[in-house]
Amino acid sequence: MTPLTRRRLANFRANRRGFWSFWIFLVLFFVSLGAEFIANDKPLVIEYENHYYWPVFNAYPETTFGGEFETETDYRDPYVRDLINAKGWMVWPPIPYSYRTINYNLPVPAPAPPSADNWLGTDDQGRDVVARLIYGFRISVLFGLVLTAFSSVVGVAAGAVQGYFGGLTDLLFQRFIEIWQGLPTLFLLIILASVVTPTFWWLLGLLLLFSWTALVHVVRAEFLRARNLDYVRAAKALGAGDVTIMVRHVLPNAMVATLTFLPFILNGSITTLTALDFLGFGLPPGSPSLGELLAQGKANLQAPWLGLTAFFVLAIMLSLLIFIGEAVRDAFDPRKTIAQMSSAIPGESAAEALSKKEAAE
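Quick note on our numbering: the sequence shown kicks off at 218 and runs consecutively.
Right under this line is the structure:
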């Protein structure tokens, strides 16, 4: 590990708020990746007549457990439960509901308030809110990560070409981006989503059409600054090609500014998906979605647990990403030193400590 990398990691750890936000977000994300093992309407494992079955991974017909139908087993059916328990046992996940499972045994009409059976209540269709939150959190973060990765690749490539070649290439690209960014993005997304039934990848492609411009200006500025530096001229004099110079020599310097923007781009990607789901133009109906839960809270004001739950989950998730972004920005800031980091009082961010020091000077 180089001294520069060690200094950046030390700066990142010095920002306590961002450092702990990173670990909290990482734990929540990895927990949501195993959503099927936490919230599911199928047992984790079944022991029946000295044979083990794994419903989470495989689908078994009801006849496997002494039933009458060849269709997939409904493990929540009391009849099926009695058949299995008579000759074996089964282990359920902590939340015996999937995101699409409807609880038909509610004591009150849906949406039902929080109870021992449904920890955060149910939505207006009788589906468990906790299960939908876990699955919705996972799909929101995965969607944001994939969109951020793809849009960053396209944006970095476009900005690199503009900044390195300059001249007419840069001029034409800039005029095109100005026109493209001037389009009413939300209205176009709504129109396209209403024409074609959106899926995860279709919606990702639509958002990618308009999100790739976020990093273009940053990368373009870095390449414009670096293309006339001595080490680039020396590489050209030694016969290195344009692609080699862009990728091996200039791009690593441009990535410093790019990486500081990634948490904020991820934040915006998740917010855009949530807004589209709230308006009804996002993921297909029935998909676990934080935006759809917000819409249910708006439509069911008599059930405040719906809107409050979605609000707090979004607020915490987006706040964690903002704090992580601040820590990453401090880590890559060349003005930050270990001494400046160590002078910060407990609970104070590195940026706040630096501003106080500059004010004192």
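Backbone N, C-alpha and C define an ideal beta-carbon position, used for all residues, glycine too.
Please report the straight-line C-alpha distance between residue i and residue j, rounded to a whole angstrom.
| i | j | result |
| --- | --- | --- |
| L389 | I396 | 11 Å |
| T249 | G524 | A small fix is needed here, since residue 249 is Ser in this sequence, not Thr. Each residue's Cα considered, the two are about 21 Å apart. |
| F540 | L531 | 14 Å |
| E285 | A276 | 16 Å |
| P313 | V325 | 19 Å |
| S332 | K304 | 32 Å |
| D459 | K453 | 8 Å |
| G235 | F242 | 10 Å |
| P272 | T280 | 14 Å |
| Y270 | L535 | 40 Å |
| W240 | F247 | 11 Å |
| D550 | T222 | 12 Å |
| R580 | S238 | Nothing can be reported for residue 580: it is not among the residues displayed for the chain, which extend from 218 to 578. |
| G383 | T339 | 57 Å |
| L432 | R392 | 16 Å |
| L385 | H434 | 16 Å |
| R293 | I394 | 54 Å |
| M218 | E264 | 50 Å |
| P260 | R233 | 40 Å |
| D341 | L518 | 11 Å |
| F282 | I408 | 49 Å |
| L245 | V413 | 33 Å |
| I533 | N470 | 33 Å |
| S368 | D447 | 31 Å |
With H, G and I counted as helix, E and B as strand and the rest as coil, what does DSSP make of residue i?
| i | result |
| --- | --- |
| G305 | strand |
| R225 | helix |
| D459 | helix |
| D340 | coil |
| P220 | helix |
| I469 | Correcting the residue identity first, residue 469 is Pro in this sequence and not Ile. In this structure, P469 counts as helix in the three-state DSSP scheme. |
| F481 | helix |
| A410 | helix |
| D294 | coil |
| D345 | strand |
| Y270 | strand |
| T278 | What sits at residue 278 in the sequence shown is Pro, not Thr. Of the three classes helix, strand and coil, the one that applies to P278 here is strand, per DSSP. |
| V244 | helix |
| E287 | coil |
| A256 | strand |
| V325 | coil |
| Y316 | coil |
Is the beta carbon of residue i sitting closer than 9 Å to the one on residue j?
| i | j | result |
| --- | --- | --- |
| L500 | F417 | yes |
| L425 | L406 | no |
| P415 | F498 | yes |
| F528 | G542 | no |
| F495 | L511 | yes |
| T477 | V370 | no |
| A474 | T430 | no |
| A548 | N228 | yes |
| M463 | A377 | yes |
| L538 | P480 | yes |
| V347 | L337 | yes |
| P505 | R355 | yes |
| G353 | E509 | yes |
| G380 | F440 | yes |
| I351 | A451 | no |
| V363 | M307 | no |
| A438 | H466 | no |
| L493 | L420 | yes |
| T288 | P278 | yes |
| T461 | S357 | no |
Should residue i be labelled buried (16 or more other beta-carbon atoms within 10 Å of its own) or exposed?
| i | result |
| --- | --- |
| A520 | buried |
| P310 | buried |
| N267 | exposed |
| Q398 | exposed |
| V436 | buried |
| W522 | buried |
| G372 | buried |
| S411 | exposed |
| L455 | exposed |
| D345 | buried |
| T290 | buried |
| A516 | exposed |
| T365 | buried |
| L468 | buried |
Worksheet item: Is the region 311-326 close to the region 236-256, with three or more CB pairs under 8 Å?
Response: yes
Worksheet item: Just checking, does the region 484-497 make contact with the region 297-314 on the three C-beta pairs under 8 Å criterion?
Response: no
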